[in-house]
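Residues 0 to 269 in numbering that gives the first Met the number 0 are what the sequence shown spells out, letter by letter.
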Amino acid sequence: MSIQTPKIEKKVTVKTLQKLKGKEPITMVTAYDALFAQLFDGEVEMILVGDSLNMSFFGKEDTLSATMDQMIYHTQAVCNGATLPLIVFDMPFGTYTNKEQALANAVRVYRETNAQAIKIEGGREKEEIVRHLTQNGIAVITHIGLKPQSVRAEGGYYIQGKSEEEILSLLEDARVLQEAGAFAMLLEGMKSEAATRITQALAIPTIGIGAGVGTDGQVLVWSDMFGFFEAFKPKFVKEYGDGAALIRKGLQQYRDEVKAREFPDDNYAY
Ligand code: KIV
């Protein structure tokens with residue numbers, strides 16, 4: 000049984016996260032709107048406005064068609080709802096293909112939202128882009144391992160770091176991206192051994208999803224962890240609530256009561 004940890008009371012910054020490395024695991028969830036961001040405020044150190052919203056909230060099969068306009072709108076909403084967590088903007092597919100484009104889009108994020116950092120997917124091939132962004136005042140989280148934006152190119156979602164050769168390649172990606180200026184790294188869908196070795200090799204914090212317990216922090220997609228997203232359930236998702244069942248039960252009761260003219264009774268009428 001885990002102990003009850005205190006709520007987070009101070010604004011989380013890049014510095015806060017750096018200080019947590021090696022001391023206390025970092026918690027992060029996704030959020031897509033003000034209503035839920037408000038509920039998450041003070042409960043976790045970081046919020047990611049993930050392009051996963053294109054699947055869970057827009058109903059698409061993958062994240063690839065998410066746009067800057069869409070992500071900006073959702074990030075503005077999240078920033079309206081939460082003030083304490085460090086809010087991260089997930090750069091959509093095709094918006095950081097070269098350093099000039101990446102910077103122009105990241106500057107737009109900083110101008111139009113209160114997000115404190117951006118996240119980009121990719122390994123050492125993104126070195127120049129990460130360097131350019133960080134040299135121009137953008138806080139960057141890189142995302143290595145299983146990269147959802149590569150799903151069409153790779154023909155599916157595959158667990159990474161299965162051989163020593165793959166682990167060494169991931170370690171090289173991590174080292175290069177840290178050196179280019181990334182302040183944190185998201186490790187997705189990889190063998191626990193790979194994520195633990197990357198975490199030990201880096202001075203910056205790592206946040207894992209489907210990467211085992213050896214990272215500096217964890218992230219989950221909120222609609223997965225509360226049982227709302229039913230299309231598929233990856234092995235790494237632990238459900239902390241059955242949101243879909245709660246909603247269906249409530250709607251069943253509402254329908255029954257309306258049809259029976261039991262709702263609204265005098266308590267709910269003027
Ligand atoms: O878009 C997203 O929600 C993500 C998760 C994998 C963390 O990038």
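Quick reminder that beta carbons are idealized off the backbone N, C-alpha and C, glycines included.
Short Cβ contact (8 Å threshold) for residue i with residue j
{"i": "Glu192", "j": "Gly160", "result": "yes"}
{"i": "Ile137", "j": "Asn113", "result": "no"}
{"i": "Pro91", "j": "Asp32", "result": "no"}
{"i": "Ile208", "j": "Leu169", "result": "no"}
{"i": "Val129", "j": "Gly180", "result": "yes"}
{"i": "Val28", "j": "Leu219", "result": "yes"}
{"i": "Lys6", "j": "Glu42", "result": "yes"}
{"i": "Thr4", "j": "Gln217", "result": "no"}
{"i": "His309", "j": "Val106", "result": "Residue coverage of the chain in this structure runs from 0 to 269, which leaves residue 309 outside it and unanswerable."}
{"i": "Leu102", "j": "Asn79", "result": "no"}
The ligand KIV heavy atom lying under 7 Å from the CB of residue i
{"i": "Thr82", "result": "no"}
{"i": "Glu187", "result": "yes"}
{"i": "Asp89", "result": "yes"}
{"i": "Asp61", "result": "no"}
{"i": "Leu47", "result": "yes"}
{"i": "Pro24", "result": "no"}
{"i": "His142", "result": "yes"}
{"i": "Pro204", "result": "no"}
{"i": "Ile208", "result": "yes"}
Alpha-carbon spacing of residue i relative to residue j, whole angstroms
{"i": "Ala210", "j": "Glu163", "result": "16 Å"}
{"i": "Thr205", "j": "Lys190", "result": "14 Å"}
{"i": "Lys248", "j": "Tyr156", "result": "33 Å"}
{"i": "Ala30", "j": "Lys146", "result": "19 Å"}
{"i": "Tyr267", "j": "Leu245", "result": "22 Å"}
{"i": "Arg174", "j": "Ala200", "result": "8 Å"}
{"i": "Glu8", "j": "Gln177", "result": "29 Å"}
{"i": "Asn104", "j": "Gly93", "result": "11 Å"}
{"i": "Tyr95", "j": "Thr141", "result": "12 Å"}
{"i": "Asp241", "j": "Val13", "result": "33 Å"}
{"i": "Gln197", "j": "Val77", "result": "Reading off the sequence, residue 197 comes out as Ile, not Gln. Those two C-alpha atoms are separated by around 30 Å."}
Residue range of the unbroken alpha helix (DSSP H) whose run includes residue i
{"i": "Ala116", "result": "Taken as a continuous stretch (DSSP letters only), Ala116 belongs to no alpha helix (DSSP H), being part of the beta strand (DSSP E) at Ala116 to Glu120."}
{"i": "Phe39", "result": "Ala33 to Phe39"}
{"i": "Ile71", "result": "Met67 to Gly80"}
{"i": "Ile166", "result": "Glu163 to Ala179"}
{"i": "Thr205", "result": "First-last for Thr205: Thr205 to Ile208, but that is the beta strand (DSSP E), not the alpha helix (DSSP H)."}
{"i": "Gly144", "result": "No alpha helix (DSSP H) holds Gly144; the beta strand (DSSP E) holding it covers Val139 to Gly144."}
Continuous beta strand (DSSP E) stretch holding residue i: start and end
{"i": "Thr29", "result": "Ile25 to Thr29"}
{"i": "Glu187", "result": "Ala183 to Glu187"}
{"i": "Val218", "result": "Gly216 to Leu219"}
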